[in-house]
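Numbering (the numbering used here), first residue to last: 5 to 437.
Idealized CB from N, CA, C, for every residue including glycine.
In this text, all values refer to a predicted model and were calculated from it rather than measured experimentally.
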Amino acid sequence: MENKLGWRKWVSFLLAGFVGQLAWAIENNYLNLYVFFCTQEYSFIPMMTALSAVTATLTTLFMGALADRLGKRKLFISLGYIIWGISIILFAFLDPKNNITIIVNNNIFLSGVLIVLMDCVMTFFGSTANDAAFNASVTDNTNTSNRGKVESVLSVLPLIAMIMVVLVGGIFVDGSEKRWDIFFYIFGGLTLLAGTICLFLYPKDNVKPNKEEPYLHNLIYGFRPKSVKDNKKLYLSLLSFMTFNIGVQVYMPYFMVYFQEGLNIKGMDFTISLGSILLVASLVAIIVGLFMDKIGKNKVIIPALIFAIGGGVFMTFARHMPALIAGGIILMSGYLVTTAVLGAKIRDYTPSNQTGLFQGVRMVFVVLIPMVTGPYIGQAVSLINAQQYTNEYGQLVTRPNEFIFLFTATIIALVFIPLIFLFKQEKKDELPN
């Protein structure tokens, strides 16, 4: 495979990657605000996060194996994005301003349940297109000489997408007049459009159908002890990523809620704070990514982890905008660079002829376990020195507090344990890092 990807692959990766992250930014962050807006109940946030993670993992496991079996990536990406966009648009009809929600206006529990169920539907199509097909396609079309650069660019896309979502959200949903319907129309439409463009732009599949084994055999392939034994570096990378993401998920689902409800930073102040954090952290990750393959991934990940840990500690004590922005930049920069390194390592150590078979395993380690455990740890941590108030529905609500960042830093520090074993295995195999 050539080291240079060419414009068509780069444009396709950027389009599918960026628009996909726009949709995930809504799913992972603004739906948390949306379900709170509709229900004024925080308990739906960890529930929605956990069920979404389960849906994403099962979808990637089944659809990743199916895509490998059929040798189809482009079709799954294009049609998946189109239906993904439609599912986002459907959220507009759950806006309390719409008459269709009259049946749930006086039933907070039913409103929350409907949003959670629709989130699972949205996640199914998103995971089919993005997690199962697009991620495998990137691995298929890159190699160890350019994967670090590609992974760094892709790792920045979530924050760039978040900046755009925050800016649009600042116009339509962060003010006193909340137009969630327009918000969902915009991003659902963009996702639908991206899928349509990918039908014509995305490169043709270069993977052969994998029909040597039965479909059900392929589903469990990555979970077999022999697969673990034959791919030690891959599973140590996954274990490192899992530990890291558990720490990240302690604070990430509550990050925006912490700013708005915990510290009462709203409106333009919120947009400026979050926008500054995301923009600077993205630039840091891009700059580091340009040199990652030359410097070496192992030399990059150590300071990145230290930044993430330090940022978590800093955020624990930050209360005012300048300090919050500084702490957020440190935390997010460490998060982005670490994500890029571990993501590139996982691609490096994934067998080239079995890419789709390992996407489900990746989701279990990188998404399912962290998103099922992390948010509930964050919820439990928020009970420490709990700050409560009575909302307009007469409910006693607990705000996320600063201790979520301290626990994040503590858990991220544990990443060094599997990482040491990974370094030893790499040295033993004498492979370039």
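Closest residue to residue i among the options (Cα-Cα distance)
i, options, result
"L309", "M256, A344, V284", "A344"
"Y189", "V284, L98, H324", "L98"
"R403", "I416, N389, T412", "N389"
"L410", "F318, L328, T43", "F318"
"V117", "E45, L335, T359", "E45"
"K4", "D209, K13, V58", "Nothing about residue 4 can be read from this structure; the chain reaches only from 5 to 437."
"T61", "D123, V341, G364", "G364"
"T414", "I373, I281, Y255, R351", "Y255"
"I81", "T59, I92, F17, M122", "F17"
"V370", "T342, S47, V385", "T342"
"G332", "R351, S280, T275", "S280"
"N405", "K303, Q383, I86", "Q383"
"M122", "G152, S91, E265, L83", "S91"
"L220", "W14, A29, F66", "F66"
"V368", "K13, L55, T43", "L55"
"L70", "N147, L223, V172", "L223"
"V232", "A57, I167, Y353, C42", "Y353"
"T146", "L203, T195, P207", "P207"
"N268", "K153, Q391, D297, L372", "Q391"
Exposed unless 16 or more other CB atoms sit within 10 angstroms - verdict on residue i
i, result
"A312", "buried"
"P162", "buried"
"K349", "buried"
"G271", "exposed"
"S88", "Note that residue 88 is Trp in the sequence shown, not Ser. Looking at its Cβ environment, which holds 16 or more other Cβ atoms inside 10 Å, W88 is buried."
"S149", "exposed"
"D234", "exposed"
"L361", "buried"
"A218", "According to the sequence provided, residue 218 is Pro. The question's Ala does not apply to it. Under this definition P218 is an exposed residue."
"E155", "buried"
"K230", "exposed"
"L423", "buried"
"E430", "buried"
"R151", "buried"
"K432", "exposed"
"R351", "buried"
"E216", "exposed"
"W28", "buried"
"E31", "buried"
"A327", "exposed"
Where the alpha helix (DSSP H) containing residue i begins and where it ends
i, result
"M168", "151-176"
"K3", "It is not possible to answer for residue 3, since the shown part of the chain is limited to 5 through 437."
"A312", "301-321"
"F48", "48-74"
"K237", "236-255"
"D185", "184-205"
"V465", "The structure shown has nothing for residue 465, since the chain only spans 5 to 437."
"R366", "363-367"
"F407", "407-417"
"V39", "35-43"
"Q383", "373-385"
"R77", "Premise fails: R77 is in no alpha helix (DSSP H) and is neither H nor E."
"F22", "11-29"
Cut-off 8 Å between Cβ atoms - residues of its own chain near residue i, not counting five sequence neighbours on either side
i, result
"L346", "S241, S244, F245, F248, I305"
"F420", "L309"
"Q358", "D72, N214, Y225"
"I106", "Note that I106 has pLDDT 49, beneath the 50 cutoff, so the model's placement of it is unreliable and the number below is only indicative. Cβ neighbours of I106 beyond the five flanking positions: none."
"T320", "E406, F407, F409, L410, A413"
"F427", "N302"
"T377", "I250, Q253"
"K236", "Q429"
"K8", "N150"
Close-in-space but distant-in-sequence residues of the same chain around residue i (CB under 6 Å, 5 per side omitted)
i, result
"V177", "W184, F187"
"V211", "G75, D144"
"N134", "G24"
"F138", "A20, I81"
"S131", "A60, T63, T64"
"I164", "S286"
"L418", "T247"
"E396", "A caution first: E396 carries a pLDDT of 47, below 50, which makes its placement in the model too unreliable to give a value."
"G84", "F129, T132, A133"
"L282", "L163, M166, I167"
"E265", "R403"
Proximal residues to residue i (C-beta, below 7 Å), its chain only, five neighbours per side dropped
i, result
"G226", "L361, F362, G364, V365"
"Y380", "P50"
"A289", "S156, S159, V160, S337, L340, V341, A344"
"L94", "M122"
"Y34", "V169, G173"
"A198", "L19, A20, V23, Y85"
Test: residue i CB closer than 8 Å to a CB of chain D
i, result
"I388", "In the displayed structure, chain D is absent; only one protein chain is listed."
Whole-Å CB distance - residue i paired with residue j, under 8 Å assumed
i, j, result
"L26", "F191", "6 Å"
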